[in-house]
Structure formats: structure tokens, C-alpha cells
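> Please find one structure pasted underneath; my questions will follow.
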Amino acid sequence: MKAVRINEFGGLDVLQWAEVPEPKPRPGQVLIKVDSSGVNYADIMRRQGNYPGPDLPATLGLEAAGAVAELGEGVTGLTVGQRVMAMGPQGNAEYVAVNANYVFPYPETVDPVQAGGMPIVFLTAYHLLKTRGQLQPGDTVLIQAGASGVGTVAIQLAKAWGARVITTASSPEKLDLARSLGADETINYAAQDFEEEVRQLTDGDGVELVLECVGGPVLEKSVRCVASYGKLISFGNASGTAAALPSGDIFAANRTVIGFSMGRSPMGRLDHPAAMAELFPMLAQGQVRLVVDRVLPMSQAAQAHQHLSNRGSQGKVILTP
Ligand SMILES: NC(=O)c1ccc[n+]([C@@H]2O[C@H](COP(=O)([O-])OP(=O)(O)OC[C@H]3O[C@@H](n4cnc5c(N)ncnc54)[C@H](OP(=O)(O)O)[C@@H]3O)[C@@H](O)[C@H]2O)c1
5 MKAVRINEFG GLDVLQWAEV PEPKPRPGQV LIKVDSSGVN YADIMRRQGN YPGPDLPATL
65 GLEAAGAVAE LGEGVTGLTV GQRVMAMGPQ GNAEYVAVNA NYVFPYPETV DPVQAGGMPI
125 VFLTAYHLLK TRGQLQPGDT VLIQAGASGV GTVAIQLAKA WGARVITTAS SPEKLDLARS
185 LGADETINYA AQDFEEEVRQ LTDGDGVELV LECVGGPVLE KSVRCVASYG KLISFGNASG
245 TAAALPSGDI FAANRTVIGF SMGRSPMGRL DHPAAMAELF PMLAQGQVRL VVDRVLPMSQ
305 AAQAHQHLSN RGSQGKVILT P
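All letters in the sequence shown, in the order written, are residues 5 to 325 by my numbering.
Shown next as C-alpha cells:
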């Protein structure tokens, strides 16, 4: 079979569409014949050597969807041929073996090409808003980078759960997309001072919840957008820039700063099956959808990586074998 491989960390030129042995499912694993596999910002960081993963040489990807090809010893509740989506390393390949705990049979209404781009963004947005954020109807949430893969889902879920959504992005086109997904207010944070805008939009109170994934000065200002007793969840650092957080911005204003990493959560700590049981009906009823930026063949993974690195994507980029 073929897979998107890296033999070393580096630029786009380290990506190869190369022949590798087909994986064998270990006990507790499921082998999937892949229909599609998403590209996430973490794949860019992984290629550059800034994100954990298997020893090199290795296959990229953190999620995939396809047909169950083989069940490892002890796996129950799934059948060969069933269509599933899954989270797990090495998904950018024709076949992937993943832990059965992270395999989810999906509704027939979901497009098999879109399915491979869903698990990471849907589960991340769900756990940010619900599990960690404890979002309540009527809350105001500030979602940074609203046109990102995660942002496009978080906007829709927050609206479906009764929140007011303020979101940011770096271009008018991205803000148009955010509004089309239900965002109540949008701010171009490349052109405007979003801290000042949020203050005005909330009559000086700030917001109950901030989802922050850009880091650096955006994180510093985002903390000051949180209302008293509100929360900020830091879940990424797309800018690659360090932040300096004055302690007074946290304690003196009774704010809570939370960290979230789905990939580095201990096994079983996050209830993914319960999340999917809530999300799949919302997908089937059209309450939420995946925003697909483009679908590319896996052999063109470098083009996908370049598009994400350039901040060009709106929603998800998906690869097919
Ligand atoms: N903690 C977790 O479990 C978890 C899970 C999934 C994703 N994440 C994080 O969530 C964020 C979004 O992930 P994604 O896969 O949805 O990413 P994505 O679609 O590639 O979006 C990333 C966005 O970040 C913004 N950004 C700001 N500065 C950037 C820079 N210097 N380079 C690139 N992008 C920059 C861009 O939006 P603008 O152009 O509008 O600024 C860009 O579109 C990432 O930080 C990722 O690491 C975390």
C-alpha cells in the first residue's frame, strides 16, 4: 500500500507518497481501508518536528474514515465492511490500524469523503465547548480563528447550544464564512484591535468563554476578554509565538485559564462515544456540517500542507488515496 511518509522532519520536500507494508491490526485494533483522511494543523507541526508521534520514518495523519477491513483480537461490536470514522496516528494512507476505542460507525447520510475530516474537529469543538468549557445557553463565547477547521465546527455547535458567538479571522472572506455558519459578530483581528471590539460588544463585561488557539499576543489579549469568573481554554499555538501572561490579568479578575489537548488526554479521560452520540444526530439533521475547503489526492499532501501553512484554508482540507 502507499502512505504519506516522512523520513525526517522539515519543509514540504520531506513529504513522500511512498510504498510501505500494510499494517496488521494488533489486539484491540481495527484495520480500515481508507476512503479519506483529514489534514490538521497538528500535521504541519508534526512534519516540522514540533508535535509528538511515532518514531521516524512514519506516516502522517491523525484521523481517517473508510471500511472496516479486519478486526484485531478481542474487538467486538464492529463488522468487516462497515463504514467508520476514526482518530489515531498514520491515517494519511491506504490502510490504517487504529485503537477500537477511537472508531465510530457513522450515519449513512454522511459523505464517506467528508467523514475522514470529521473526528478531530468535531470532537475537539465538542470537548472545548461542553466538557471543558461547560458552555451554558445565553453565554457569549469568543472563538479565535473562526474559519479554521475547529473554528467552523465550534461556531455551529455554540450556536446550536444557545450561545452568542463572537469570532475572529484574518480576512473578509473568512469572516463571511463565519457569519454564514451563524456567528453573531465577527472581527478581523489582522486589521482591528479585537480586545477593544470585544469590550464594546459586551458593554465592558467580557465573555463567559474564549476558545484560543493562536497564542502569542492573541492569547495575551484574549485573557483580558474573559469576564469575571469566565474561562479561557488554550488549545493551540498556530502563530508559533510565545505569550507573556501577567498574573494580574488572571487572578485579579477572577478568570480561569484552562489547557486542552485531546491527543495528550489520558485514555478514557474524554468520553468520545458520548460526544459522537450527541453529534451524529445533529449532523444527520443538518444542524451542523463539515466545511470542506478542498479534497486532494494523498500524493499531493505537500499542496495541502502548504495551503494550511499559508493560512489559506477555510474549514477542512481532506486527502483521498
Ligand atoms: N488541543 C487540541 O486537542 C487541538 C485539536 C485540534 C486542533 N487544535 C489546534 O487548533 C488550531 C486550529 O486547528 P485546525 O486544524 O483547525 O487548523 P487550521 O484549519 O489550519 O487553522 C489554523 C488557523 O490558525 C490561524 N493562524 C493564526 N496564525 C497563524 C499562523 N502563523 N500560521 C498558520 N495559521 C495561523 C489561521 O486563521 P486566520 O488566518 O484567520 O488567523 C489559520 O487558518 C491549531 O492551533 C491546532 O493546533 C488543537
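Glycine included, each C-beta is placed from N, C-alpha and C at the ideal position.
Everything numeric in this text was worked out from a predicted model, so none of it was measured.
Return helix, strand or coil for V211, following the three-state DSSP convention.
In the structure shown, V211 sits in a strand (DSSP, three-state: E or B).
> Among L19, V102, N314 and A73, which has the Cα closest to the Cα of A326?
Lying before the first or after the last residue shown, residue 326 is absent from the chain, which here runs from 5 to 325.
> Could you check whether the Cβ of I347 sits closer than 7 Å to any heavy atom belonging to ligand 1?
Outside the shown range of the chain, which is 5 to 325, sits residue 347, and nothing can be said about it.
> DSSP has N192 in a bridge; who is on the other side?
Looking at the DSSP assignment, N192 forms a beta bridge with A173.
> Taking the Cβ atom as the reference point for each residue, do R259 and L236 lie within a distance shorter than 8 Å?
Against a cut-off of 8 Å, the Cβ pair of L236 and R259 comes out as a contact.
> For S41, name the three-state secondary structure that DSSP assigns.
If DSSP states are grouped into helix, strand and coil, S41 belongs with the strands.
> Quick check: is any heavy atom of ligand 1 less than 7 Å from the C-beta of K178?
Yes; taking the cut-off as 7 Å, the Cβ of K178 has a heavy atom of ligand 1 nearer than that.
> Beta-carbon within less than 8 Å of T190's beta-carbon, same chain only, minus the 5 sequence neighbours each way: which residues are those?
Result list for T190: G150, I170, T171, T172, A173, L179, A182 and R183, in chain order.
> Inspect the CB distances between the region 99 to 114 and the region 76 to 83 and report whether three or more fall short of 8 Å.
Cβ pair count under 8 Å is three or more, so yes.
> Identify every residue that forms a DSSP beta bridge with K225.
Answer is none; K225 lacks a bridge partner.
> How is A256 classed by DSSP in three states: helix, strand or coil?
DSSP places A256 in coil when its eight states are reduced to three.
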